[in-house]
Amino acid sequence: MDPVRLPYAPPALSGGTAGRARDGRYLGRIRDVSTRRWDGSGPFSARRTQRKGWFYAAAFTPRYLLGFAIVDAGYLGTAFVYLKDRQTGKFREHKAALPLAFPADFAPSLDAEWNVARGRRRWNITPGDSGWAVRFTGPALDAELLIIDDQPGLTAISSAPGRPFHHTYKACSLNCQLTVTADGVPVRADGRASIDFSLGYPPRDTRWNWASLSGVTADGAPVAINLVAHFMNGLENAVWLDGELHPVGQAVFEYQPRNTLAEWRVHTVDDAVHITLRPDGERSENLRAGVLSSVFTQPFGAFEGTLRCGKRGSVVIHGYGVTEQHRARW
Numbered sequence: 010m011d012p013v014r015l016p017y018a019p020p021a022l023s024g025g026t027a028g029r030a031r032d033g034r035y036l037g038r039i040r041d042v043s044t045r046r047w048d049g050s051g052p053f054s055a056r057r058t059q060r061k062g063w064f065y066a067a068a069f070t071p072r073y074l075l076g077f078a079i080v081d082a083g084y085l086g087t088a089f090v091y092l093k094d095r096q097t098g099k100f101r102e103h104k105a106a107l108p109l110a111f112p113a114d115f116a117p118s119l120d121a122e123w124n125v126a127r128g129r130r131r132w133n134i135t136p137g138d139s140g141w142a143v144r145f146t147g148p149a150l151d152a153e154l155l156i157i158d159d160q161p162g163l164t165a166i167s168s169a170p171g172r173p174f175h176h177t178y179k180a181c182s183l184n185c186q187l188t189v190t191a192d193g194v195p196v197r198a199d200g201r202a203s204i205d206f207s208l209g210y211p212p213r214d215t216r217w218n219w220a221s222l223s224g225v226t227a228d229g230a231p232v233a234i235n236l237v238a239h240f241m242n243g244l245e246n247a248v249w250l251d252g253e254l255h256p257v258g259q260a261v262f263e264y265q266p267r268n269t270l271a272e273w274r275v276h277t278v279d280d281a282v283h284i285t286l287r288p289d290g291e292r293s294e295n296l297r298a299g300v301l302s303s304v305f306t307q308p309f310g311a312f313e314g315t316l317r318c319g320k321r322g323s324v325v326i327h328g329y330g331v332t333e334q335h336r337a338r339w
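Heads up: the sequence shown runs through residues 10 to 339, numbered per the numbering used here.
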């Protein structure tokens with residue numbers, strides 16, 4: 010597959026025409042992601058009832074997989090962190106859900122500081138000149154992930170039925186340094202990170218399958234993949250290879266919804282991506298809070314497959330990653 014040229018300089022969300030942001034996918038991030046023109050005010054405003062924002066980060070190192078997220082879901086704020094130690098097989102997880110965790114004037118962005126705290130557990134994302142510092146502190150686990158913003162990212166803006174739009178920014182194959190202190194023993198490792206910043210007004214009933222994968226080609230070059238189905242019209246589907254971002258086609262997920270630890274097969278309809286992931290664990294959540302619910306399972310494990318994009322022709326790849334099935338009513 011030949012590279013697809015993307016429009017540069019994504020428009021400001023507030024710069025859309027006829028009260029809408031402009032659908033499409035773009036190389037790079039939106040600097041002005043203000044949603045004030047759509048949010049309204051008061052307890053039943055779109056800011057509280059419809060707008061959702063989240064910052065998710067994952068780190069892949071030879072020993073560890075770290076998943077981390079902070080979510081502003083309007084009336085509810087949530088956070089989680091999990092750590093899979095492939096050397097010992099141990100899985101650790103912390104999560105929190107707090108009503109009105111974020112003030113009405115909180116403006117989610119990649120340049121904002123995100124904080125959630127509950128008891129001795131604290132989640133924090135701090136932007137810096139060269140990337141982000143992602144931190145968790147809690148009982149028996151401290152983790153600090155320093156992410157370097159050194160790869161091009163993809164912005165996607167998609168219509169949302171009955172709502173203004175939804176927007177996401179994905180960046181993968183970013184250099185990172187992870188420091189884990191578990192039971193008082195610190196371990197530092199270099200690896201690759203992925204981030205997902207999303208902000209907008211997704212449908213009241215939202216479903217998706219998703220994959221985020223980080224690995225290498227047969228000759229050792231870093232590669233990363235982001236794929237989604239049933240959400241965002243597939244506009245965020247992309248491969249990072251040889252320092253370039255390559256958009257790819259719609260994704261098809263083949264797996265057993267009632268047995269998510271079984272093998273997952275994922276391919277794109279343009280034959281750019283064919284991968285198989287064999288989970289060795291998963292993180293699940295069934296969160297129900299009034300009219301809000303979020304039910305998802307995120308298996309993780311080793312993958313292998315082939316890519317056909319850029320100038321290389323068919324490339325054999327392998328690595329580690331996550332897949333997901335998700336349904337939310339929000």
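We put the CB at the ideal spot given by N, CA and C, even for glycine.
Since the model is a prediction, treat every value here as computed from it, not as a measurement.
Buried or exposed by the 16-neighbour rule on C-beta atoms within 10 Å, applied to residue i
i, result
"K409", "Since the first residue of the chain shown is 10 and the last is 339, residue 409 is not available in this structure."
"R274", "exposed"
"D158", "buried"
"R267", "exposed"
"P108", "exposed"
"K99", "exposed"
"P256", "buried"
"G193", "exposed"
"S182", "buried"
"E122", "exposed"
"A106", "buried"
"R56", "buried"
"E333", "buried"
"A271", "exposed"
Alpha-carbon spacing of residue i relative to residue j, whole angstroms
i, j, result
"G328", "P52", "45 Å"
"G25", "R31", "At G25, the pLDDT of 48 sits below 50, so the modelled position is not reliable; the number obtained from the coordinates is stated separately. So the two alpha carbons sit approximately 6 Å from each other."
"L22", "D199", "35 Å"
"F89", "F145", "9 Å"
"Q96", "W219", "26 Å"
"P71", "E291", "18 Å"
"C318", "R127", "45 Å"
"V278", "G258", "6 Å"
"A66", "F77", "5 Å"
"G224", "P231", "6 Å"
"K320", "P19", "26 Å"
"A165", "D228", "31 Å"
"W249", "L187", "21 Å"
"S50", "L15", "36 Å"
"T226", "G171", "42 Å"
"E313", "L222", "10 Å"
"Y17", "T177", "15 Å"
"D41", "L208", "12 Å"
"T44", "Y210", "10 Å"
"S54", "H335", "25 Å"
"N235", "D120", "22 Å"
"L74", "R46", "39 Å"
"H239", "R130", "34 Å"
"V331", "F309", "4 Å"
"F69", "D48", "36 Å"
"K179", "P148", "31 Å"
Cβ shell of residue i (< 6 Å), same chain only, five flanking positions each side left out
i, result
"D302", "Per the sequence shown, residue 302 should be read as Ser rather than Asp. R338, listed in sequence order."
"K355", "The requested residue 355 does not occur in the structure, where the chain is confined to residues 10 to 339."
"T215", "A337"
"N124", "N133"
"V324", "T226 and L316"
"A233", "C181, S182, S223 and W249"
"A140", "The residue asked about is misnamed: residue 140 is Gly in this sequence, not Ala. The answer, listed in chain order, is I156, I157 and D158."
"P136", "D120"
"F64", "I79, W123, I134 and F206"
"A142", "T135 and L155"
"S169", "Checking the sequence, you will find Ala at residue 169 rather than Ser. Result list for A169: H175, Y210, P211 and P212, in chain order."
"Y91", "G76, E102 and R292"
"N184", "I157 and D159"
"V237", "W217, W219 and E245"
Close beta carbons around residue i, own chain, < 7 Å, minus the five adjacent residues each side
i, result
"S167", "D32, F174, H175, M241, N242 and L244"
"L254", "L36, P161, L163 and A247"
"H276", "V261, V282 and H283"
"D251", "A230 and G319"
Contacting residues, own chain, Cβ-Cβ under 8 Å from residue i (five flanking each side not counted)
i, result
"A311", "L286, R287, D289, H327, G328 and Y329"
"T391", "Summary: the structure shown does not reach residue 391, with the chain confined to residues 10 through 339, and so no result is reported for it."
Is the stretch 57 to 71 touching the stretch 79 to 98 in the sense that three or more CB pairs, one from each, lie closer than 8 Å?
yes
Quick one: any contact between the stretch 255 to 263 and the stretch 286 to 303, if contact means 3 or more CB pairs under 8 Å?
no
Quick one: complete beta strand (DSSP E) runs, 3+ long, within the stretch 256 to 309?
260 to 263, 273 to 277 and 282 to 298
Could you pull out every unbroken beta strand (DSSP E) segment of at least 3 residues lying fully inside the stretch 213 to 246, listed in chain order?
214 to 226 and 231 to 238, all fully within the stretch 213 to 246.
Using 8 Å as the Cβ pair cut-off and three pairs as the minimum, do the stretch 304 to 318 and the stretch 103 to 118 touch?
no
Would the stretch 271 to 283 count as touching the stretch 200 to 210 if we require 3 or more Cβ pairs under 8 Å?
no
3 or more residues per run - each beta strand (DSSP E) lying fully within the stretch 160 to 219:
163 to 169, 172 to 191 and 194 to 209
Beta strand (DSSP E) runs wholly inside the stretch 43 to 83, at least 3 long, in chain order
61 to 69 and 73 to 81
Secondary structure, beta strand (DSSP E): runs of 3+ residues fully inside the stretch 122 to 154:
Listed in chain order, the beta strand (DSSP E) runs fully inside the stretch 122 to 154 are 123 to 127, 130 to 136 and 140 to 147, counting runs of at least 3 residues.
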